[in-house]
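Student:
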Amino acid sequence: MQLFPTRPAVPRRSLLNFPTLWKKPTPRTVLVIGGAGYIGSALLPKLLARGHRVRLFDRMFYGIEPIRGVVDHPNLEIMQADFRRIDKLVEGMRGVDAVIHLGAIVGDPACALDCDLTIEINLIGTRTIAEVAKGYGIRRFIFASTCSVYGASVGEELLTEESPLNPVSLYAATKLASERVLMELTAEAFSPTCLRFSTIYGISGRTRFDLVVNLLTAKAVIDGEITIQGGDQWRPFLHVDDAAHALLQTLESPLSQVHREVFNVGSEDQNHTIQRIAEMIHELVPSAKLINLKASGDQRNYRADFKKIREQLGFDPHWTIRQGIQQVIDSIQSGDVKDYHAAKYSNVKFLVEEESTTNLLSHESRWAYDLVTRTLMFPRIRPAIAATSAAA
Ligand SMILES: NC(=O)c1ccc[n+]([C@@H]2O[C@H](COP(=O)([O-])OP(=O)(O)OC[C@H]3O[C@@H](n4cnc5c(N)ncnc54)[C@H](O)[C@@H]3O)[C@@H](O)[C@H]2O)c1
34 MQLFPTRPAV PRRSLLNFPT LWKKPTPRTV LVIGGAGYIG SALLPKLLAR
84 GHRVRLFDRM FYGIEPIRGV VDHPNLEIMQ ADFRRIDKLV EGMRGVDAVI
134 HLGAIVGDPA CALDCDLTIE INLIGTRTIA EVAKGYGIRR FIFASTCSVY
184 GASVGEELLT EESPLNPVSL YAATKLASER VLMELTAEAF SPTCLRFSTI
234 YGISGRTRFD LVVNLLTAKA VIDGEITIQG GDQWRPFLHV DDAAHALLQT
284 LESPLSQVHR EVFNVGSEDQ NHTIQRIAEM IHELVPSAKL INLKASGDQR
334 NYRADFKKIR EQLGFDPHWT IRQGIQQVID SIQSGDVKDY HAAKYSNVKF
384 LVEEESTTNL LSHESRWAYD LVTRTLMFPR IRPAIAATSA AA
C-alpha cells in the first residue's frame, strides 16, 4: 500500500504565522486522531504549512466541512474510521513518527449522555491507541487532556501541574484516567505528553457554540441577551488557534523536554470568572442585556498556572479573549455562522439529534453481527440474529 503518493511539492505558508516557531522543523509523518473537530481543524493547516505529512484518522462526526480548506493537500491522507476498530488503527499507524490524539466524546453534557460509551471511547480507546502506537515503536504521543481535571478547587492559588486534582464530571474523570494510563505506559521508547487545555474559544473549521465564550457571544449578537448563572466560577481560556499552536510546538520540541510530561496550556492573564467574560462580551456588544440568574449548577472552579509550558517549551498564546470575541462577532455578522443553535455546533445536541449514542455503543460488535448474519447457512436463524443486531 502506498500511503503517501508522490505529488509535486507545494509552497509552504509564511512562517510569520508562527513567530515562535521560526526554526525549520524536521518533517514528520503525524497521525492526528480526531483531527476533524474543533481543535483538529485548526491544527491540520498548521501542520501541513510546516511541511509535516498528516494522516487524519477520524470518524468524521461533523463531516468533511471542517477540513474543507486542506482536503486536497498533497501531504494529507484521510482515514475515516472509528479508533475502536483495532484493524483500522493498526493500518493508520503504519509509517507514522508521531501521534496526536484529540478524538473523544468532548464536554460534560455530551459525556453524561452515556457513561459506558464515554468510557469506551475516551478511556479504553485512548489506552488501545497508545498500546498500538507503543507496539509500533512510535515514540511521540501527544494527548489532549483538559484543565477540567482540577474541577472544584478551593482557595485562591493558581493550580500547577502538581496541584491536587478534583474532577467533578465523567468527562474530566476519563481524561485524568487516560493521563494515568499513558504515564504507566511510558518507556524509553514511548514518550507520552499530556496537554491540559484551557476552555477553548474562537473560530475554526468546526467552531463549537457549546463553549462559554462562543456561546455567550452568539447569544449577545443574535438573541440580544447574555445570560449567565452565578458567574463567580474561575476558568482559564485559550483561543483555538493557540491550542493548535501548542500542539505543534509540543510536536517540534526535543523529546527530552516533553517525555512523560504534563503541561497546562494557556496563560495566566486569560484566567477569568464567567461574570468577567460576560462583561467583556457586553463591552463589545453593548446593545445586549446582561442577565445573571445567580444559581449555578456547575461546580468547576479553577485558575491555572502556565509557567511550565512557557518556560519549558516557550509557549505563549497570541490571541486575547477580546480578539476572540470580536472574531466570533464578525463571523456571525458576516453570515459565516448562520444558526448557532444548529446541532453541528454543539457536541451534546449532535449526539442527541443527529447520531444516536446507542448506535455508537454497538459500533464494535455491529460488524461481527453483520458478518455472522451474512455467513449464516441456516436462513431460519437469520432473522433472529438480524433482530439481535438491530437491538445491539
Ligand atoms: N474544546 C475545548 O474547550 C477543549 C478543552 C480541553 C480539552 N479538549 C480536548 O481536545 C480534544 C479535541 O476537542 P475538540 O473541542 O476539538 O472536540 P470535537 O468534538 O470538536 O472533536 C472530536 C473529534 O473526535 C472525533 N471522534 C470522536 N470519537 C471518535 C472515534 N471513536 N473514532 C474516531 N474519531 C472520533 C470526532 O469525529 C471529532 O472530529 C478532545 O480530546 C478534548 O477533550 C478540548
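For the sequence shown, position 258 (counting from the first letter as 1) is numbered 291 according to the numbering used here, and the numbering increases by one without interruption. Even for Gly, the Cβ is constructed at its ideal location relative to N, Cα and C. Remember, it's a predicted structure, so these values are computed and weren't measured experimentally.
1. Helix, strand or coil for Pro-38? Go by DSSP, reduced to three states.
2. On the DSSP letters alone, give me the boundaries of the alpha helix (DSSP H) that Ile-307 sits inside.
3. Does the beta carbon of Met-93 fall short of 8 Å from some heavy atom of ligand 1?
4. Here's a check: name, in chain order, each residue in its chain whose Cβ is nearer than 6 Å to the Cβ of Ser-202, leaving out the five neighbours to either side.
5. Hey, how far is the Cα of Val-129 from the Cα of Phe-174?
6. Would you tell me roughly how many angstroms separate the C-alpha atoms of Ile-342 and Gly-136, rounded to the nearest one?
7. Let me check you understand the geometry: is the CB of Asn-108 closer than 8 Å to at least one non-hydrogen atom of ligand 1?
8. So what's Leu-203 in DSSP terms, helix, strand or just coil?
9. Taking 9 Å as the cut-off, decide whether the C-beta atoms of Leu-228 and Phe-176 are in contact.
10. Report the three-state DSSP secondary structure of Asp-91 (helix, strand or coil).
11. Mapping DSSP to helix, strand and coil, what is Thr-219?
12. Helix, strand or coil: how does DSSP classify Ala-166 here?
13. Please report how far the alpha carbon of Thr-260 lies from the alpha carbon of Ser-74, in whole angstroms.
14. Helix, strand or coil for Ser-178, going by three-state DSSP, please let me know.
15. In terms of DSSP beta bridges, what is Gln-113 paired with?
16. How big is the Cα-Cα spacing for Arg-92 and Ala-114?
17. Taking a contact to mean a Cβ-Cβ separation below 9 Å, would you say Val-165 touches Val-123 in this structure?
18. Could you work out which residue in Leu-191, Leu-198, Leu-209, Glu-195 is closest to Thr-159 when comparing CA atoms only?
19. Measuring CB atoms only, is the segment 246-260 touching the segment 362-374, in the sense that at least three cross pairs come out at less than 8 Å?
20. Tell me whether Leu-203 counts as near ligand 1, meaning its Cβ is closer than 8 Å to at least one heavy atom of that ligand.
Tutor: The short version:
1. The residue given as residue 38 occupies position 5 in the sequence shown. Bear in mind that a pLDDT of 36 at Pro-38, under 50, signals an unreliable position, so the number given afterwards is only what the model happens to contain. Pro-38 falls in the coil class under three-state DSSP.
2. Translated into the one-based positions of the sequence shown, residue 307 becomes position 274. 307-317 is the extent of the alpha helix (DSSP H) around Ile-307.
3. As a position in the sequence shown, residue 93 is number 60, starting the count at 1. Checking the Cβ of Met-93 against ligand 1 gives yes.
4. The residue given as residue 202 occupies position 169 in the sequence shown. Taken in chain order, the residues that qualify are Asp-141.
5. On the sequence shown, position 96 is the one that residue 129 refers to. On the sequence shown, position 141 is the one that residue 174 refers to. Going from the Cα of Val-129 to the Cα of Phe-174 covers about 11 Å.
6. Taking the sequence shown and counting its residues from 1, the one referred to as residue 342 is at position 309. Taking the sequence shown and counting its residues from 1, the one referred to as residue 136 is at position 103. As the crow flies, the alpha-carbon of Ile-342 is around 23 Å from that of Gly-136.
7. Here residue 108 is taken as the residue at index 75 of the sequence shown, counted from 1. No, the Cβ of Asn-108 stays beyond 8 Å of every heavy atom of ligand 1.
8. One-based indexing of the sequence shown puts residue 203 at position 170. Three-state result, Leu-203: helix.
9. Counted from its first residue, the sequence shown places residue 228 at position 195. Counted from its first residue, the sequence shown places residue 176 at position 143. Yes, they are a contact pair.
10. Along the sequence shown, read from residue 1 onward, the residue named residue 91 stands at position 58. Strand at Asp-91.
11. Locating residue 219 in the sequence shown gives position 186, where the first residue counts as 1. In the three-state reduction of the DSSP assignment, Thr-219 falls in the coil class, being assigned neither a helical nor a strand state.
12. Looking up residue 166 in the sequence shown gives position 133. Here Ala-166 sits in helix by DSSP.
13. Indexing the sequence shown from 1 puts residue 260 at position 227. Indexing the sequence shown from 1 puts residue 74 at position 41. Taking the straight line from one Cα to the other gives about 29 Å.
14. As a first step, residue 178 is located in the sequence shown; it is residue number 145 there, counting from the start. In the structure shown, the three-state DSSP call for Ser-178 is strand.
15. Locating residue 113 in the sequence shown gives position 80, counting from the first residue. Answer is Asp-91.
16. Within the sequence shown, numbered from 1, the residue matching residue 92 stands at position 59. Within the sequence shown, numbered from 1, the residue matching residue 114 stands at position 81. Straight-line Cα distance between these residues: approximately 5 Å.
17. Translated into positions along the sequence shown, residue 165 becomes position 132. Translated into positions along the sequence shown, residue 123 becomes position 90. In contact: Val-165 and Val-123 (Cβ atoms closer than 9 Å).
18. As a first step, residue 159 must be located in the sequence shown, where it is residue number 126. Thr-159 has its Cα closest to that of Leu-209, out of Leu-191, Leu-198, Leu-209, Glu-195.
19. Contact holds: three or more Cβ-Cβ distances are below 8 Å.
20. Numbered from 1 along the sequence shown, position 170 holds the residue referred to as residue 203. Judged by the Cβ position, Leu-203 fails to qualify as a neighbour of ligand 1 at the 8 Å threshold, every heavy atom of the ligand being at least this far.
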